[in-house]
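A.B. asks: Here it is, the structure in full.
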Ligand code: FAD
Ligand code: NAP
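Residue numbers (the numbering used here): 2 to 550.
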């Protein structure tokens, strides 16, 4: 049955929220299973991240040949990436092409935000309500809302008093922004701020970068993909993807060395130089224990600190740009596409250290810190996202017996495998908290989640089950395991968005699963082989939530 256009209640088999990489593939798989599907998407087009993030310099840090779908031979054969790391317009075009090729647009309602989803215990269905007053019922409610899709804007005093223009990088206007000759301020030096800074410096009359925490950027070493290189990738495609699926980060790269222990200083330096020259995430593959071992990490971090000092002419500015308070990799490593550090050698670029002198307020003319006033015409927030849970909890989700997701997660998210939540029958969360998601090359993790969910629904169809729900004890165990693994690594040494530290009052818990893509995939496969261990299935609602596990 398809949704009726009258605004009345209608029934579909599945509602999917979001039309980025996740929602598009999910709706394709469900339709292949013969299910009727309704997708809701806030944006006027497909693309998700790549629809919204149009700021100058936006491109992916994953290499293009693995930052895409692998499931369709036709898509893969027809599409040719131009660069090692494609720019936002090219990735958006790719997702548009995929949506058209798979003929997915008809089942998507664009410019429609899901506001709530409520499980009706009598009917045994979800009722999904949108911001345009629509109400749809469905058997399955599938979130594909993205881990990094709810922008975070710090609540600076007097922001509305500012008489210039304000933008957030993840809500960049379609028609672009005129920055030529302007006095521009960028707040934030994460992956986004670092990509953006050199591009804005090329256009602005004056640029001030407001930095609270310096970061370790490694050169991406972008370049065009040559025909013969692309031909070789295509010839080995299946092997490359299989390596990515059974890897640490969802990337088909080998670790160069296990550890620094036992190597001479010269050997270590050569290894790090090789990683530096290879660029991008290949650098992180130099030593396998970089995120586990303080000694190795300090060597790697110190190598990067020296590289920063070499690139910045003014020693005082260089020291401000050198990170000392967190180990390399404990925050998401950013990539440098256009001489980020060297940008601070330019006459018209100022670094404002807002750790030392915090922003106190906006004024009509700019930004006031505890030390100085900065006159600005345009302020760009590169301040990131309410990550992992922001977009999910922006919807009011109520499960069976009055379980409200926001209340259940007051102390932090709690899922089983990042795929489902106890108390919420037939809810699936693609790249949910406690799955590898943002600690991986995401298309690999997205395909794995979507395939797992689709296979599970197919299994339910074949067995005559109407409902699935994780057992509480299984979720409890999974969350403990995720926390235990995170505590063994260096993640706890940084105030990062991985831990919710960027958003005031957010619970400080480590949200992604840090055990690696391969370990996680094998665990998901093991769960299925053991008859979906940790999940309850039922033909009617009665038995759910009663399992003693
Ligand atoms: P998204 O692309 O975020 O799509 C979610 C969609 O859901 C959005 O379109 C949103 O509008 C919609 N939505 C949310 N809530 C609602 C609602 N209530 N109602 C209706 N619609 C809703 N990952 C990598 O692996 N490698 C990279 O190099 C990389 N680069 C990135 C660069 C940037 C600038 C950013 C921000 C992220 C990057 N990521 C990268 C992560 C990226 O988010 C994922 O790779 C991927 O695009 C996620 O796809 P998705 O479909 O799961 O989520
Ligand atoms: P982010 O990593 O959260 O960085 C936000 C920046 O804003 C940080 O420097 C933060 O400082 C600063 N900030 C936040 N609140 C502030 C305040 N009140 N005062 C001063 N500074 C403040 O966000 P992001 O750079 O948008 O990146 C988010 C994630 O998106 C990345 O980690 C990555 O996963 C993804 N991404 C990927 C790419 C890519 O692959 N090419 C590009 C962009 C983004 P603190 O560090 O002190 O909190």
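Just so it is clear, CB atoms sit at the ideal spot from N, CA and C, and this is done for glycine as well.
Opposite residue 12 in the DSSP bridges: which residues?
C.D. replies: Numbered from its first residue, the chain shown carries residue 12 at position 11. Paired residues: 138.
A.B. asks: Going by C-alpha distance, which of 102, 133, 261 and 480 is nearest residue 73?
C.D. replies: Taking the chain shown and counting its residues from 1, the one referred to as residue 73 is at position 72. Closest option to residue 73, judged by alpha-carbon separation, among 102, 133, 261 and 480: 102.
A.B. asks: Would you mind giving the Cβ-Cβ distance between residue 247 and residue 490, rounded to the nearest angstrom? I have them listed as a contact below 8 Å.
C.D. replies: Taking the first residue of the chain shown as position 1, residue 247 is located at position 246. Taking the first residue of the chain shown as position 1, residue 490 is located at position 489. Not a contact, Cβ separation roughly 20 Å.
A.B. asks: Rounded C-beta distance between residue 1 and residue 450? I'm assuming under 8 Å.
C.D. replies: The displayed coordinates of the chain run from 2 to 550. Any statement about residue 1 would go beyond what the structure contains.
A.B. asks: Within 10 angstroms of its Cβ, does residue 43 collect 16 or more other Cβ (buried), or is it exposed?
C.D. replies: Taking the chain shown and counting its residues from 1, the one referred to as residue 43 is at position 42. Under this definition residue 43 is a buried residue.
A.B. asks: Measuring alpha carbon to alpha carbon, tell me which residue in 160, 49 and 62 is nearest residue 1.
C.D. replies: Residue 1 lies beyond the stretch modelled for the chain, which goes from 2 to 550, so this question has no answer here.
A.B. asks: Please indicate yes or no: does the CB of residue 41 lie closer than 6 Å to some heavy atom of the ligand FAD?
C.D. replies: For the purposes of this step, residue 41 is taken as residue 40 along the chain shown, with counting starting at 1. At least one heavy atom of the ligand FAD is nearer than 6 Å to the Cβ of residue 41, so yes.
A.B. asks: Comparing the CB of residue 392 with every heavy atom of the ligand ZN, is any distance shorter than 6 Å?
C.D. replies: With respect to the ligand ZN, the structure offers nothing, as its ligand set consists of the ligand FAD and the ligand NAP.
A.B. asks: When you compare only the Cα positions, how much space is there between residue 555 and residue 33?
C.D. replies: Outside the displayed range of the chain (2 to 550) lies residue 555, so it cannot be described from this structure.
A.B. asks: Can you have a look at residue 235 and say buried or exposed, based on whether 16 or more other CB atoms are within 10 angstroms of its CB?
C.D. replies: Here residue 235 corresponds to residue number 234 of the chain shown, with the count starting at 1. Classification for residue 235: exposed.
A.B. asks: Based on the DSSP output, what are the partners of residue 361 in its beta bridges?
C.D. replies: One-based indexing of the chain shown puts residue 361 at position 360. Residue 361 pairs with nothing; no bridge assigned.
A.B. asks: Scan the segment 108–182 and note each continuous beta strand (DSSP E) run of 3 residues or more that stays entirely inside, going in chain order.
C.D. replies: 115–121, 126–131, 136–144 and 166–169
A.B. asks: Is the CB-CB distance between residue 28 and residue 108 below 7 Å?
C.D. replies: Within the chain shown, the letter at position 27 stands for residue 28. Within the chain shown, the letter at position 107 stands for residue 108. Yes, these two residues count as a Cβ contact at 7 Å.
A.B. asks: Could you check whether the segment 209–228 touches the segment 75–92, counting it as contact only if at least three pairs of C-beta atoms, one from each stretch, sit closer than 8 Å?
C.D. replies: yes
A.B. asks: Nearest CA to the CA of residue 206: which residue from 377, 335 and 48?
C.D. replies: As a first step, residue 206 is located in the chain shown; it is residue number 205 there, counting from the start. Answer by Cα proximity: 377.
A.B. asks: DSSP three-state label for residue 529, please.
C.D. replies: As a working mapping, residue 529 is identified with position 528 in the chain shown. Helix at residue 529.
A.B. asks: From the DSSP output, in three-state form, read off residue 326 for me.
C.D. replies: Here the question's residue 326 lines up with position 325 in the chain shown. Residue 326: coil per DSSP, three-state reduction.
A.B. asks: Could you name the residues of the same chain whose beta carbon sits closer than 6 Å to that of residue 171, not counting the 5 residues immediately before and after it, in chain order?
C.D. replies: By 1-based counting over the chain shown, the position of residue 171 is 170. Same-chain partners within the cutoff: 53, 54 and 152.
A.B. asks: Rounded to whole angstroms, what is the Cα-Cα separation between residue 432 and residue 345?
C.D. replies: Stepping through the chain shown from its first residue, residue 432 is reached at position 431. Stepping through the chain shown from its first residue, residue 345 is reached at position 344. Each residue's Cα considered, the two are about 37 Å apart.
A.B. asks: Throw me the rounded Cβ distance for the residue 51 and residue 105 pair, which I believe falls under 8 Å.
C.D. replies: As a position in the chain shown, residue 51 is number 50, starting the count at 1. As a position in the chain shown, residue 105 is number 104, starting the count at 1. At roughly 16 Å, the Cβ-Cβ gap does not stay under 8 Å, so residue 51 and residue 105 are not in contact.
A.B. asks: Which of helix, strand or coil does DSSP assign to residue 510?
C.D. replies: In the chain shown, residue 510 corresponds to position 509, counting from 1. Three-state DSSP puts residue 510 in coil, outside helix and strand.
A.B. asks: Taking 6 Å as the line, does the beta carbon of residue 63 fall inside it for any heavy atom of the ligand FAD?
C.D. replies: Along the chain shown, one-based indexing puts residue 63 at 62. Within the cutoff, so yes.
A.B. asks: How about residue 424 and residue 404: are their beta carbons less than 7 Å apart?
C.D. replies: Along the chain shown, read from residue 1 onward, the residue named residue 424 stands at position 423. Along the chain shown, read from residue 1 onward, the residue named residue 404 stands at position 403. Contact: yes.
A.B. asks: What would DSSP say about residue 92, mapped onto helix, strand or coil?
C.D. replies: For the purposes of this step, residue 92 is taken as residue 91 along the chain shown, with counting starting at 1. Looking at residue 92 - three-state DSSP - the assignment turns out to be helix.
A.B. asks: Which of the three DSSP states is assigned to residue 437 in this structure?
C.D. replies: Translated into positions along the chain shown, residue 437 becomes position 436. In this structure, residue 437 counts as coil in the three-state DSSP scheme.
A.B. asks: In this structure, what does DSSP give as the bridge partners for residue 583?
C.D. replies: Only positions 2 to 550 of the chain appear in this structure, which leaves residue 583 out of reach.
A.B. asks: Using alpha carbons as the reference points, say which of 68, 136 and 141 lies closest to residue 470.
C.D. replies: By 1-based counting over the chain shown, the position of residue 470 is 469. Closest option to residue 470, Cα to Cα, is 141.
A.B. asks: Who pairs with residue 336 in a beta bridge, going by DSSP?
C.D. replies: Here the question's residue 336 lines up with position 335 in the chain shown. DSSP output for residue 336 lists 219 as bridge partner(s).
A.B. asks: Suppose contacts are defined by Cβ-Cβ distances below 7 Å. Is residue 329 in contact with residue 305 by that definition?
C.D. replies: In the chain shown, the residue the question calls residue 329 occupies position 328. In the chain shown, the residue the question calls residue 305 occupies position 304. Yes; because the gap between Cβ atoms is below 7 Å, this pair is in contact.
A.B. asks: In its own chain, which residues sit with a C-beta less than 8 Å from the C-beta of residue 116, not counting the 5 before and 5 after it?
C.D. replies: Walking along the chain shown from the start, residue 116 turns up at place 115. Within the same chain, residue 116 has close Cβ partners 130, 131, 132, 396 and 397.
A.B. asks: From residue 155 to residue 476, what does the alpha carbon distance come to, in whole angstroms?
C.D. replies: Against the chain shown, residue 155 aligns to sequence position 154. Against the chain shown, residue 476 aligns to sequence position 475. Counting only the Cα atoms, residue 476 lies some 32 Å from residue 155.
A.B. asks: Would residue 465 be called buried (16 or more neighbouring beta carbons within 10 Å of its own) or exposed?
C.D. replies: Position 464 of the chain shown, counted from the first residue, corresponds to residue 465. The residue is exposed, with fewer than 16 neighbouring Cβ atoms inside 10 Å.
A.B. asks: Can you tell me which of 19, 15 and 211 puts its alpha carbon nearest to the alpha carbon of residue 31?
C.D. replies: As a first step, residue 31 must be located in the chain shown, where it is residue number 30. Of the listed residues, the one whose Cα sits closest to residue 31 is 15.
A.B. asks: In angstroms with no decimal places, state the Cα-to-Cα distance between residue 532 and residue 460.
C.D. replies: One-based indexing of the chain shown puts residue 532 at position 531. One-based indexing of the chain shown puts residue 460 at position 459. Straight-line Cα distance between these residues: approximately 10 Å.
A.B. asks: Leaving out five residues on either side along the sequence, give the residues of the same chain with a beta carbon under 8 Å from the beta carbon of residue 544.
C.D. replies: For the purposes of this step, residue 544 is taken as the residue at position 543 of the chain shown. The answer, listed in chain order, is 537.
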